[in-house]
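Residue numbers for the sequence shown follow numbering that gives the first Met the number 0, so the first one is 0 and each next one is one higher. Ideal placement from N, C-alpha and C gives every residue a C-beta, glycine not left out. No experiment lies behind these values; they were computed from the predicted model shown.
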Amino acid sequence: MNDPRLKLKNAIRTLLDERGDGKTICPSEAARAAAGSDKRGDWEPLMPTVREAAVALAASGEIVITQQGEPVDGRTARGPIRLRRS
Numbered sequence: 000m001n002d003p004r005l006k007l008k009n010a011i012r013t014l015l016d017e018r019g020d021g022k023t024i025c026p027s028e029a030a031r032a033a034a035g036s037d038k039r040g041d042w043e044p045l046m047p048t049v050r051e052a053a054v055a056l057a058a059s060g061e062i063v064i065t066q067q068g069e070p071v072d073g074r075t076a077r078g079p080i081r082l083r084r085s
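Shown next, in the form of structure tokens:
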């Protein structure tokens, strides 16, 4: 799997499935899962791509991007976001 966005989309899906209905994840959890490491230097460079993957999943209606529990547009959101199933 060479496309990092696909790997990150799958990581987001898996983490949300494991977390359960109505629960959220932090995008950094998907970056850590995709990197296979908790070492910041390994996962942190993936963060912009995690946001891209999350925006694509939100555009397809699969997930919702939130800030402070409220839905936001991931393309324009600044600061920490959370991800949950639609």
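On the DSSP bridge assignment, give the partners of E69 in chain order.
Along the sequence shown, read from residue 1 onward, the residue named residue 69 stands at position 70. BP columns for E69 point to Q66.
Give the DSSP bridge partners of R84, in chain order.
Here the question's residue 84 lines up with position 85 in the sequence shown. Per DSSP, I62.
Which residues does DSSP pair with I24 in a beta bridge?
Sequence index remark: in the sequence shown, residue 24 carries index 25 (1-based). In the DSSP output, where bridge partners are listed per residue, I24 has L82.
On a CA-only basis, which of E51, G73, T23 is nearest D2? Give me that one, please.
For this step, residue 2 is matched to residue 3 along the sequence shown. Ranking E51, G73, T23 by Cα distance to D2 puts E51 first.
Could you say which of D72, M46, E17 lies nearest to A57 if we only look at CA atoms?
Within the sequence shown, numbered from 1, the residue matching residue 57 stands at position 58. It is D72 whose Cα lies nearest to the Cα of A57.
I'd like the span of the alpha helix (DSSP H) that includes T75, first residue to last.
The residue given as residue 75 occupies position 76 in the sequence shown. Run containing T75: none; DSSP gives neither H nor E here.
Work out the CA separation of K6 and G78 for me, nearest whole Å.
Position 79 of the sequence shown, counting from 1, holds the residue named residue 78. Position 7 of the sequence shown, counting from 1, holds the residue named residue 6. Cα atoms of G78 and K6: separation of roughly 23 angstroms, rounded to the nearest angstrom.
Rounded to a whole number of angstroms, what is the C-alpha to C-alpha distance between M46 and E28?
Locating residue 46 in the sequence shown gives position 47, counting from the first residue. Locating residue 28 in the sequence shown gives position 29, counting from the first residue. Each residue's Cα considered, the two are about 10 angstroms apart.
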